[in-house]
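Trainee:
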Amino acid sequence: MSTKISISRSAKFTGDLIVLSQKNNLKWAQNILTKSEIAYVKSAIKKKIDCVVLPSINRLLIIQFLNSSKDVSYHKEDIRLAGNAILKTLLHNKVSTVEILNYCKQNNTIEYAEGMALGNYQFLKYFKDKKERKSSLQEIKIHNSSTTAIEVRNLVAVLEATYVARDLVNEPLSYLTAPQLSKEIQKIGKASGFSVEVFNKKKIQQLKMGGILAVNLGSIDEPRFNIMTWKPKNAKNKKPVVLVGKGIVYDTGGLSLKPTTNSMDFMKCDMGGAATVVGTMSAIAKAKLPLHVIGLVPSTDNRPGLNAYVPGDVITMYSGTTVEVLNTDAEGRLVLADALHYAKKYKPELVMDFATLTGAASRAIGERGICYMGTADKKVMQRLENSGMQVYERLVEFPLWREYGDDIKSNIADIKNLGGPSAGMITAGKFLQHFTGDEYPWVHFDVAGSAYLKAQSGYRTKEGTGVGVRLMFDFLRNY
Ligand code: BES
Ligand code: ZN
Ligand code: ZN
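Going from the sequence shown to the numbering used here is simple: count from 1 and add 41.
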């Protein structure tokens, strides 16, 4: 379900309307409001009210006061949150189309519409009464001469892509098996304009992608390896940017069955990294960004079936490295490793992977940001952090010091898939780094804490958040 966003140049606004205004400048009001309404608004300002609702017979008029926050990094986010907060009033009044008019010095419409549209997301597929449950709000019209068509196109592209990513995370395993995920990716590719190639089990066996095959042993469904390509003629980069996403459609832990109460309840989210990559590919293709980008998603579920891999097994990865498997629940790094090795064939300029990789990431900073680390140079890391701040998917860097590599040394194989008792997020990162061979600049994002929410938080709706899509779109747009 998506909220339509359009731009209107017309000077007339006839429907339900939201005016974005500063408290210290009500000049605009003379053209729109009656004298008594202006007096009412002024008294509301005195009472420090931030949002005034003026119902009339033919329409709802909302005046939203936006204070410019002193801290610029919070400013855009406050606007998004205000856009989300007004939804309650709009839905209560069964508004279907809302027009937004900006009278602030700064143009805040994009962020305001963004927060509103993100908060209006719903996943209704499995409800019998989806029609009744459907949000009344269908369309947001931006009435603004200073908002450009390109800005709106980019906003629509990234919002629809975030919806796509949320939908994918929200789909349970009963629908979204690895083969089905490939079908979805093909559909999304067609709709957005990027191309898709899918390797089936036979091809994965021919290539000897031992990490993916080992995790898939306990499953009754085949694994898949998905390759997405966006290569426009006007691409600015000669060597591609490669995005890699963990596509574990369900993680039981395998034979090292997830131990804690309820920890399996939301493990349909373990393809959250894949959702980020698919969503990002969709956004950049729809926005026609002039960049060559490849997306790789290795995919299977992780189950303790009869033939499942066992703790103690030694497996040979696609790269030829042998891995002692000491915990079958550390499966994400195994499938990602094969994809990171595969990425070398593109001689990429930059590789970024997204994964719900470790509980340690979630314990470190919770849902409020993304833990990341990498070997890309400081400038790239800084630009990523800036994008994180802009879209409010904030990044916290963790170190990849060489000593952490000692924690994944094995007695009988090249490395093991389990680190020591602490720094689990970093040893997982060290494991991945091994398979980059330090052949390309690489960044790893552990989204275990932020890909899935047990309760709504602002415009981030419950369950799949689509985290990483807005971050990547901002980063790549400014690449
Ligand atoms: N999919 C999990 C990580 C996870 C935890 C994702 C919480 C989302 C929310 C991952 O495969 C896993 O089980 N990691 C283990 C690794 C450990 C066995 C080394 C973990 O973090 O406990
Ligand atoms: Zn696991
Ligand atoms: Zn997992």
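Don't be surprised by glycine CBs; every beta carbon is placed ideally from N, CA and C.
Which whole-angstrom value describes the C-beta separation of N185 and N125, a residue pair presumed to lie in contact below a C-beta threshold of 8 Å?
Mentor: In fact, because the Cβ distance is near 19 Å, the residues do not count as touching under 8 Å.
Trainee: So which residues touch the region around ligand 3, with touch meaning a C-beta under 5 Å from any heavy atom?
Mentor: Selection output, chain order preserved: I289, D292, D311, G373.
Trainee: Taking C-alpha atoms, which residue in A85, E140, K287 lies nearest to L102?
Mentor: Per the Cα distances, E140.
Trainee: So is the beta-carbon of A198 under 7 Å away from any non-hydrogen atom of ligand 1?
Mentor: It does not: the Cβ of A198 is nowhere closer than 7 Å to a heavy atom of ligand 1.
Trainee: Within the same chain, show all residues whose beta-carbon is closer than 6 Å to that of N195, passing over the 5 residues directly before and after it, in chain order.
Mentor: So the list reads A328, once near-sequence residues are dropped.
Trainee: Are G509 and F395 touching if we call contact CB-CB under 8 Å?
Mentor: In contact: G509 and F395 (Cβ atoms closer than 8 Å).
Trainee: For a quick check, are the C-beta atoms of T399 and A315 less than 8 Å apart?
Mentor: No, these two residues do not count as a Cβ contact at 8 Å.
Trainee: Measure the CB-CB distance between G288 and N343 and report whether it falls below 8 Å.
Mentor: It is not a contact, given that the beta carbons lie outside the stated cut-off.
Trainee: Beta carbon of G361: closer than 7 Å to some heavy atom of ligand 1?
Mentor: For ligand 1, not one heavy atom lies less than 7 Å from the Cβ of G361.
Trainee: Less than 7 Å separating the Cβ of S403 from some heavy atom of ligand 1?
Mentor: Correct: S403 has its Cβ closer than 7 Å to ligand 1.
Trainee: Helix, strand or coil for V484 per DSSP?
Mentor: Reduced to three states, the DSSP call for V484 is strand.
Trainee: Can you determine whether any heavy atom of ligand 2 sits closer than 7 Å to the C-beta of N458, and answer yes or no?
Mentor: Not under cutoff, so the answer is no.
Trainee: Tell me which residues share the same chain as D311 and place their Cβ nearer than 6 Å to its Cβ, disregarding the 5 neighbours each side in the sequence.
Mentor: Result list for D311: I289, D292, T397, in chain order.
Trainee: With a cut-off of 8 Å on the beta carbons, I'd call E408 and S491 a contact; round off their distance for me.
Mentor: Their Cβ separation, rounded to whole angstroms, is 5 Å, which keeps E408 and S491 in contact under 8 Å.
Trainee: In terms of residue numbering, what span does the beta strand (DSSP E) encompassing M396 cover?
Mentor: Note that residue 396 corresponds to Ala in the displayed sequence, not to Met. Counting along the chain, the beta strand (DSSP E) containing A396 begins and ends at 391-396.
Trainee: Does DSSP put D262 in a helix, a strand or coil?
Mentor: If DSSP states are grouped into helix, strand and coil, D262 belongs with coil.
Trainee: Would you kindly work out how many angstroms separate the C-alpha atoms of L332 and L494, rounded to a whole number?
Mentor: Looking at the two C-alpha atoms, the distance is approximately 32 Å.
Trainee: Per the DSSP calculation, S62 is bridged to which residue(s)?
Mentor: Paired residue(s): F106.
Trainee: Taking S340 as part of the beta strand (DSSP E), name the residues at either end of that continuous run.
Mentor: That run of the beta strand (DSSP E) goes 334-343.
Trainee: So is A232 buried or exposed if we call it buried at 16+ other beta carbons inside 10 Å?
Mentor: So A232 ends up on the exposed side.
Trainee: For ligand 2, is there a heavy atom less than 7 Å away from the beta-carbon of D487?
Mentor: Checking the Cβ of D487 against ligand 2 gives no.
Trainee: Is the beta carbon of I86 closer than 8 Å to that of K563?
Mentor: The structure shown does not extend to residue 563, since the chain spans only 42 to 520, so no value can be given for it.
Trainee: Mind reading off the beta-carbon distance from T188 to N257? Whole number of angstroms is fine, and I expect it under 8 Å.
Mentor: Rounded, the Cβ-Cβ distance is 48 Å, inconsistent with contact.
Trainee: Measuring alpha carbon to alpha carbon, tell me which of L217, M305, E192 ends up nearest F514.
Mentor: The option with the nearest alpha carbon to F514 is E192.
Trainee: According to DSSP, what are the bridge partners of S498?
Mentor: Answer is R501, bridged to S498.
Trainee: With a threshold of 16 other CB atoms inside 10 Å of the CB of D306, please say whether the residue is buried or exposed.
Mentor: The residue in question, D306, is exposed, as its Cβ has fewer than 16 Cβ neighbours within 10 Å.
Trainee: Do V488 and G313 have their C-beta atoms closer together than 8 Å?
Mentor: Yes, these two residues count as a Cβ contact at 8 Å.
Trainee: Spatial neighbours of V93 within its chain, please: C-beta separation below 6 Å, excluding the five flanking residues on both sides.
Mentor: Within the same chain, V93 has close Cβ partners V82, A85, I104.
Trainee: Should the segment 259-275 be called in touch with the segment 352-361, which here means at least 3 C-beta pairs below 8 Å?
Mentor: Contact fails: fewer than three Cβ-Cβ distances are below 8 Å.
Trainee: According to DSSP, is M37 part of a helix, a strand, or is it coil?
Mentor: The displayed coordinates of the chain run from 42 to 520. Any statement about residue 37 would go beyond what the structure contains.
Trainee: For ligand 2, is there a heavy atom less than 7 Å away from the beta-carbon of N452?
Mentor: No, since every heavy atom of ligand 2 falls outside the 7 Å radius drawn around the Cβ of N452.
Trainee: In terms of residues, what are the limits of the beta strand (DSSP E) holding I183?
Mentor: It spans 180-184 - the beta strand (DSSP E) in which I183 sits, taken as one unbroken run.
Trainee: Would you mind reading off the limits of the beta strand (DSSP E) that contains I141?
Mentor: Note, I141: beta strand (DSSP E), 138-143.
Trainee: Counting beta carbon pairs with one atom in the segment 386-394 and one in the segment 463-481, are three or more of them shorter than 8 Å?
Mentor: Result yes; three or more Cβ-Cβ pairs closer than 8 Å.
Trainee: Could you tell me the distance, in whole angstroms, from the CA atom of G410 to the CA atom of K228?
Mentor: Approximately 30 Å, taken between the alpha carbons.
Trainee: Cα separation between N108 and N161?
Mentor: Spanning the two alpha carbons is a distance of roughly 23 Å.
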